[in-house]
Structures are given as structure tokens and as C-alpha cells.
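Data block below; observations after.
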Amino acid sequence: RRTACSGVSMVCSATSETAAVPTPHQEARTPMLYVLLKLIHVLSIVVWVGGMVFAHFFLRPAAMQLPPPQRLPLMHEVLRRFFAAVAVAVVLVLATGLWMIGRMAKDTVQAGLSFSMPLDWTLMATLGLVMMAIFGHIRFALFRRLARAVAAQDWPAGGTALAAIRRWVAVNLVIGVVIIVLTLLMI
16 RRTACSGVSM VCSATSETAA VPTPHQEART PMLYVLLKLI HVLSIVVWVG
66 GMVFAHFFLR PAAMQLPPPQ RLPLMHEVLR RFFAAVAVAV VLVLATGLWM
116 IGRMAKDTVQ AGLSFSMPLD WTLMATLGLV MMAIFGHIRF ALFRRLARAV
166 AAQDWPAGGT ALAAIRRWVA VNLVIGVVII VLTLLMI
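Going by my numbering, the sequence shown opens with residue 16, and the numbers climb by one from there.
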């Protein structure tokens, strides 16, 4: 049995005559739920990647005009709020992504077919997990250094922590853009 699945339309076609046909209730419920979860997934990515673009290309250059005693507390507060939003986005991206993959696998197997995750999904999931790990390092190691430095008014240490955050955000931004490009090219 061979199967071809499209994550966009939730359609699986098979060369086997034994493929199960979903009930009208399943057809009405599954696509709407899938679309809703995909919307949450994409909007969460927009918040995450868009926030990195804003911080890296707009906020940071403008904040560089300020002296360290003003710049570092400002960046700390902005990043504190942004990282809280990213933490929610990461949970939503992970939960919705796993649900969509699991649902597609379940529907395919229930139709009597074998499920093989498409290459673009595999790349997206793998790179997404790398981004999440990098975010964890930024949030729970580097940002804590920045917070301690700002609290102690240790501006050189704060500048070092902020520079490290900037480098890792740039790495995550590149990975995020690669995921978006790969996904759009493989549709």
C-alpha cells in the first residue's frame, strides 16, 4: 500500500481499494479543528519570528543610542515581556504541531495505510525543536545573566549578556526563516 498525504487539505489518497472513508461527522469536525490548530500554530510562529525581527533590526539599533544605564534596563524589560510571549508561543507551536502530525498519522493508519511523515514536516519539526532548545538557553541562562547584571547595575556584564542574547536570537531568526522558506517551497 502506498499513501500520499497532504497536510494542507488533510487528504490521503491510496492505491489500495481498502481505504476507509471518514463519516460525514468526522469530515465536518476534523478539517475545522485542523484548520483552527494550524492557525494557532502559524500565529504563534508569527509572534516568535516577527518579534525576533523587530528586536534585532529595529529595537536594538534604536536602543544603542542610549547609554548602558538606560539601554540595559529597557532591553531587560522588553525581553522579559517578549520571552514570556515566546514561552507561550513555544508551547502552542509544540502542542499544535504534535497534534496535527498525530492526527494525520492516526487518520492514515485508520484508513488502512502506512504513515510516513513528509520531508517538509520532518525538517520543520527538527529545526523547530532546535529553535526551542536555543530559546531555552536564551531564556533560562543568558537572560538570567542579564537580569542579575541589571539588578546589580553591572553594565559591562549586562552588555556581555545582551550581546550573547543578540547572537543566539540571530541564530534562531535564521533557523526560523529557513523553516518558513522550506515549508513554502515544499507545499
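Built from N, CA and C at the ideal position, the CB exists for glycine as well. Keep in mind the model is a prediction, meaning the values are calculated, not measured.
Distance from the Cα of ILE153 is smallest, within the candidate group THR137, ALA176, PRO171 and ILE190, for ALA176. Taking each of TYR49, ARG163, ARG86 and ARG95 in turn and checking the Cα distance to ALA110, the smallest one comes out for TYR49. Contact between the segment 123-133 and the segment 77-85 is absent, with fewer than three C-beta pairs closer than 8 Å. By the Cβ rule, the segment 137-150 counts as touching the segment 185-200, because three or more pairs are nearer than 8 Å. Across the structure, PRO84 and VAL145 are spaced so that their CA atoms are roughly 33 Å apart.
Burial is judged here by how many other beta carbons sit within 10 angstroms of a residue's own beta carbon; VAL61 has fewer than 16 and is exposed.
Counting along the chain, the unbroken alpha helix (DSSP H) around GLY143 starts and ends at 134-152. Under the DSSP assignment, HIS71 falls outside any alpha helix (DSSP H); it carries neither an H nor an E label.
If the five residues before and after VAL101 are omitted, its C-beta is found closer than 8 Å to the C-beta atoms of VAL62, TRP63, GLY66, PHE150 and ARG154, all from its own chain and listed in chain order. Taking 7 Å as the cut-off, the Cβ atoms of SER59 and VAL93 do not count as close.
Here ILE55 has LEU107 and THR111 as same chain residues with Cβ atoms under 8 Å from its own Cβ, once five neighbours each way along the sequence are excluded. Under the rule that a run must span 3 or more residues, no beta strand (DSSP E) segment is found entirely inside the segment 69-128.
Looking at VAL186, VAL196, ILE195 and ILE180, the one whose alpha-carbon comes closest to that of MET90 is ILE180. Of the residues VAL68, SER129 and THR137, the one whose Cα lies closest to the Cα of VAL184 is VAL68. Boundaries of the alpha helix (DSSP H) harbouring PHE158: 158-166, taken from the DSSP string. Closest in C-alpha terms to MET47, from the list ARG86, VAL103, ALA70 and ARG118, comes ARG118.
Remark: C-beta atoms of ALA164 and ALA172 approach each other more closely than 7 Å.
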